[in-house]
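K.L.:
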DNA sequence: TGACCAACCATAAAAAACCATGGTATCCCA
DNA sequence: TGGGATACCATGGTTTTTTATGGTTGGTCA
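Chains as they are written, first to last, in our numbering: chain B, 629 to 783; chain E, 629 to 783.
As structure tokens, then:
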């Protein structure tokens, strides 16, 4: 499955087009759908995206963990999957962000793409600066509670 | 997974390129991505690096142990993955260190690669001299306090 | 016809590939 | 064992390609 790293800030032109970072494009190139899938996360004022198989896996997991007729599952599936969009690349590797998502995320002239492993986020450039600060201080507390991983050291 | 040993100091040219030690290169050669992945550790003024599967493992482990929307998971993922970069080798085995990382680590003209097993660090050559001194004296005190490990005997 | 959307073309900046070189350690053979 | 040849590695500069970005054109649907 695709893997996303690093942070990139690109410009949104007046037609709403944004270049998807080249490394993100090549990450999803192998996928069945040649583009990205975006949705509104529940907990942050931003857009989240991934390749198609990530959403398929998320769906499978919801059904697997809760069963197909569980109310919690249904509400989460509706909130995420029903609002999702497939965005194809134009010949230059750009996408058009849906207007409602852009508004919801407060994306104006500059969009920041944030690689988070199997998925990524898209923030308004200014909002992300503040968010990053929060996350870093939160991570300092949260990191020791998380399971250790390779290298034998603190990451 | 790749394994890194020894210490090497190489020159950084004015374009920010550094030769990755040959033994580090061959360590990651088997990996899917032909290059290294670097990120800013939380606790030291240096750069840390590993092969791609190290970060994939970290990411998948976070997503596996917690739901995909857990706040602790998200903050750590943001701190590490969003600040990470994939650095591909040029045909001569060099990488371009991102400017912000070079600044954050105080790397000027000479970069010191420090093998630490599953991962490695990159320091400014001068800063590393001081750091090494600290670590050595600290290790002498810390070693006896470590719990015994493998083989059944005292280390 | 007018608004919207998708492809096309152009350009400047940044990144990657290419080519050349000097030094060092290693191998081979007399 | 000595000396030359050789392979490898780190380094520097130049060229080519990619990427991000802006504008323009053509088509489509209401």
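A virtual CB, placed ideally from N, CA and C, is assigned to each residue, including glycine.
Given a cut-off of 8 Å, decide if residue 648 of chain B and residue 723 of chain B are closer than it, judged by their beta-carbon atoms.
P.N.:
Yes, they are a contact pair.
K.L.:
Looking at the secondary structure, which residues open and close the alpha helix (DSSP H) in which residue 766 of chain B lies?
P.N.:
Taken as a continuous stretch (DSSP letters only), the alpha helix (DSSP H) holding residue 766 of chain B covers 753-770.
K.L.:
Taking the alpha carbon of residue 645 of chain E as the reference point, which residue from E:673, E:665 and E:717 has its own alpha carbon closest?
P.N.:
Answer by Cα proximity: E:717.
K.L.:
Counting only Cβ pairs nearer than 8 Å, list the residues of chain B close to residue 684 of chain E.
P.N.:
Under the 8 Å cutoff, chain B gives 631 and 745.
K.L.:
Spatial neighbours of residue 692 of chain B within its chain, please: CB distance less than 8 Å, with the 5 preceding and 5 following residues excluded, ordered by chain position.
P.N.:
The answer is none, since no qualifying residue turns up.
K.L.:
Just verifying my parser: in three-state terms, what is the DSSP assignment at residue 653 of chain B?
P.N.:
Of the three classes helix, strand and coil, the one that applies to residue 653 of chain B here is helix, per DSSP.
K.L.:
Candidates E:747, E:756 and E:764: which alpha carbon is nearest residue 632 of chain E's?
P.N.:
Looking at the Cα atoms, E:747 is the closest of the given residues.
K.L.:
Tell me which residue opens and which closes the alpha helix (DSSP H) that residue 658 of chain B is part of.
P.N.:
Neither: residue 658 of chain B is in no alpha helix (DSSP H) and is coded neither H nor E.
K.L.:
Hey, would you say residue 711 of chain E sits closer than 8 Å to residue 637 of chain B, going by beta carbons?
P.N.:
No, these two residues do not count as a Cβ contact at 8 Å.
K.L.:
Measure the alpha-carbon distance for residue 705 of chain E versus residue 720 of chain E and round it to whole angstroms.
P.N.:
Cα to Cα, the separation comes out at about 32 Å.
K.L.:
Assign residue 783 of chain B to buried or exposed, taking buried as 16 or more other Cβ atoms, counted over all protein chains shown, within 10 Å of its Cβ.
P.N.:
Residue placement at residue 783 of chain B is flagged as unreliable, the pLDDT there being 44, under the threshold of 50; a coordinate-derived value is accordingly withheld.
K.L.:
Can you name the residues that DSSP bridges to residue 676 of chain B?
P.N.:
Paired residues: B:667 and B:749.
K.L.:
From residue 660 of chain E to residue 690 of chain E, what distance separates their C-alpha atoms?
P.N.:
Taking the straight line from one Cα to the other gives about 21 Å.
K.L.:
Closer than 8 Å, CB to CB, is residue 705 of chain E near chain B or not?
P.N.:
True, the Cβ-Cβ gap to chain B drops below 8 Å.
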